[in-house]
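In what follows, a single structure is set out as structure tokens and then discussed.
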Amino acid sequence: MGSQRKKKDSKYHPQIDDLLDEKRRYPGAENWAPDEERLFTILYFRQERTLLPLHWHMDFRDIPVVPTIFAETTTDRPIIYAHSHKEFQATTALIRLIDLTSTVRAAHQTGNQRKAPTHIKKALDRYVSWAAEDGGYLHLDYVPNLVVDVVDEEDGADEDHITQQIERRMRGLARLQRQYFRVDRDVDFWLVDELRALHPSFSLPALLVEKYMPPGDGRDSTTTAKSSRKTRKKVETFHKEGGEKTRVSIDKPPEATKKIKSEPTDDDDAAQDTAPDDDDDDDDDDDDNNKDDDDDDNNKDDDDDNKDDDDNNNNKDDDDDNNNDNKNNYDDNDGYDDARSQASHLFHRPPPPESETYLRRPPVVYGLFILRTSVLLLTVDSSKAESVAHVSFHVDMDFIDPHQSVWNAITVAIAVCLARDELRARADDFDPAAVVEESDPDL
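Residues 1 to 443 in UniProt numbering are what the sequence shown lists, from first letter to last.
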């Protein structure tokens with residue numbers, strides 16, 4: 001068994017150079033937090049990485065799932081698994097995500113395209129709820145680290161408006177985390193009575209995100225429009241019927257959608273070795289324009305690292321404790337960790353939290369944004385000040401593509417489970433949610 005493990009792990013090493021090249025194409029990647037780097041590496045190697053437990057193989061025997069993503073032994077540590085040992089609920093939740101593509105396609109083919117975002121939102125919310133229950137914090141007043149939202153395209157929303165919506169939600173979620181972890185946290189942090197009156201159906205976590213949302217322009221006053229525009233790439237999603245096109249500017253590297261690998265068929269086993277495409281000339285020009293800004297940011301980050309080295313050491317201890325809690329009796333995947341360590345030299349150490357003092361380092365936050373039939377996965381390092389925090393795009397999942405139903409579900413599950421593990425590690429910090437007692441109208 002050990003020889004098989006080494007053979008499987010050896011798949012990672014020939015691809016390290018490709019991984020590093022791909023990372024360099026992502027704006028802001030040189031300052032990614034460790035959890036952002038980990039997410040990127042998992043997504044890049046997801047066709048060879050251990051993602052699902054060994055014993056889940058039987059539940060997916062009728063679904064075209066790549067065999068290599070199942071663990072080889074019961075001690076391999078996957079990314080997507082059940083903490084609560086309610087395995088049937090876990091596999092059912094993932095299978096429902098896989099079936100989502102069929103639901104979206106059916107709505108599209110019957111002329112109900114406008115219902116597609118609603119179907120996607122409902123399915124993603126259901127999976128997030130499963131993760132919260134599995135993580136043991138569903139019935140707690142917890143501070144969320146993941147947001148699922150539908151991008152509003154009503155009233156002729158243009159590119160800038162859509163971009164601002166996405167950035168505003170991500171920055172609001174990051175701001176919420178910073179406020180929660182401040183040593184001098186506001187005594188009214190949990191007070192959401194006014195917002196509850198406006199949004200009676202919202203949960204407390206959703207109300208907290210609304211409370212700390214930035215102004216309507218979607219960015220902090222110290223963030224200039226010039227620097228934002230220079231680092232953005234164009235994301236295009238197409239309306240399949242009429243050929244309409246919506247462009248969204250959200251830090252997407254060129255040709256990033258091609259990194260989602262197709263589901264396996266009898267004729268395309270070789271697709272597992274897909275190499276990244278070369279940049280075109282226009283993208284090279286964009287990267288050159290971004291280089292000066294990145295260099296300035298890197299110099300500033302180095303100064304901050306020297307200044308706050310002690311804070312970083314304290315935060316590292318906390319992060320190590322949390323990582324130990326998340327292992328759940330699984331061993332690390334040695335090949336994956338080797339690949340990650342070899343790739344780490346590409347990045348500077350993330351700068352420590354600026355200006356404020358925190359109880360622990362604020363975590364990376366995740367966003368799943370629904371735009372027609374697509375879902376965009378983004379992250380922000382909430383430990384950074386809003387003026388320098390980068391809203392990083394990772395992948396675009398198209399739920400209208402029948403060849404991507406499994407990979408779309410797996411990708412969503414990866415992000416949700418990573419967010420779940422971070423919250424689960426500190427579930428003891430949160431109080432039980434208040435139970436709303438229903439009154440008897442006959443009394």
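By construction, the Cβ of each residue, glycine as well, lies at the ideal position given by its N, Cα and C atoms.
Values in this document were obtained by computation on a predicted structure and should not be read as measured data.
As assigned by DSSP and simplified to three states, the class of residue i
{"i": "I370", "result": "strand"}
{"i": "D186", "result": "coil"}
{"i": "Y137", "result": "coil"}
{"i": "L359", "result": "coil"}
{"i": "F70", "result": "strand"}
{"i": "T379", "result": "strand"}
{"i": "L20", "result": "helix"}
{"i": "L51", "result": "coil"}
{"i": "P117", "result": "helix"}
{"i": "P402", "result": "helix"}
{"i": "D125", "result": "helix"}
{"i": "D62", "result": "coil"}
{"i": "D269", "result": "In this prediction, D269 scores a pLDDT of 41, lower than 50, which makes its location untrustworthy; the coordinate-derived value is nonetheless stated afterwards. Helix at D269."}
{"i": "H57", "result": "helix"}
Residue i versus residue j: straight-line alpha-carbon distance, rounded
{"i": "K121", "j": "Y358", "result": "33 angstroms"}
{"i": "D76", "j": "P53", "result": "8 angstroms"}
{"i": "V151", "j": "E133", "result": "26 angstroms"}
{"i": "V58", "j": "T68", "result": "According to the sequence shown, residue 58 is Met rather than Val. In a straight line, the C-alpha of M58 is about 14 angstroms away from that of T68."}
{"i": "R25", "j": "Q404", "result": "24 angstroms"}
{"i": "A206", "j": "F45", "result": "33 angstroms"}
{"i": "P64", "j": "L140", "result": "37 angstroms"}
{"i": "A123", "j": "A29", "result": "30 angstroms"}
{"i": "P34", "j": "M213", "result": "25 angstroms"}
{"i": "L376", "j": "F399", "result": "11 angstroms"}
{"i": "Q179", "j": "E72", "result": "42 angstroms"}
{"i": "D401", "j": "H108", "result": "11 angstroms"}
{"i": "L204", "j": "Y137", "result": "13 angstroms"}
{"i": "A434", "j": "F40", "result": "37 angstroms"}
{"i": "R105", "j": "I370", "result": "15 angstroms"}
{"i": "V192", "j": "T163", "result": "27 angstroms"}
{"i": "R426", "j": "Y142", "result": "10 angstroms"}
{"i": "S383", "j": "R171", "result": "11 angstroms"}
{"i": "F202", "j": "F181", "result": "23 angstroms"}
{"i": "V187", "j": "A385", "result": "22 angstroms"}
{"i": "D21", "j": "R61", "result": "35 angstroms"}
{"i": "F88", "j": "P117", "result": "27 angstroms"}
{"i": "V406", "j": "R49", "result": "15 angstroms"}
{"i": "N408", "j": "M397", "result": "6 angstroms"}
{"i": "R175", "j": "F430", "result": "18 angstroms"}
Span of the alpha helix (DSSP H), counted from its first residue to its last, around residue i
{"i": "F181", "result": "159-181"}
{"i": "Y44", "result": "34-44"}
{"i": "P205", "result": "204-211"}
{"i": "V406", "result": "405-424"}
{"i": "V104", "result": "87-109"}
{"i": "E153", "result": "That residue, E153, is in no alpha helix (DSSP H); it is neither H nor E in DSSP."}
{"i": "D428", "result": "Per DSSP, D428 belongs to no alpha helix (DSSP H) and is neither H nor E."}
{"i": "L195", "result": "193-198"}
Residue i vs residue j beta-carbon contact at 7 angstroms
{"i": "V128", "j": "V388", "result": "no"}
{"i": "V365", "j": "L97", "result": "no"}
{"i": "V147", "j": "R169", "result": "yes"}
{"i": "P432", "j": "Q177", "result": "no"}
{"i": "V395", "j": "V380", "result": "no"}
{"i": "G135", "j": "R360", "result": "no"}
{"i": "L43", "j": "I80", "result": "no"}
{"i": "H119", "j": "T103", "result": "yes"}
{"i": "A82", "j": "W130", "result": "no"}
{"i": "K211", "j": "L198", "result": "no"}
Residue i: first and last residue of the uninterrupted beta strand (DSSP E) it sits in
{"i": "F393", "result": "392-398"}
{"i": "V148", "result": "146-150"}
8 angstroms contact criterion, which residue i and residue j should meet: CB distance rounded
{"i": "E422", "j": "N31", "result": "Their Cβ separation, rounded to whole angstroms, is 19 angstroms, which puts E422 and N31 out of contact at 8 angstroms."}
{"i": "G367", "j": "L173", "result": "7 angstroms"}
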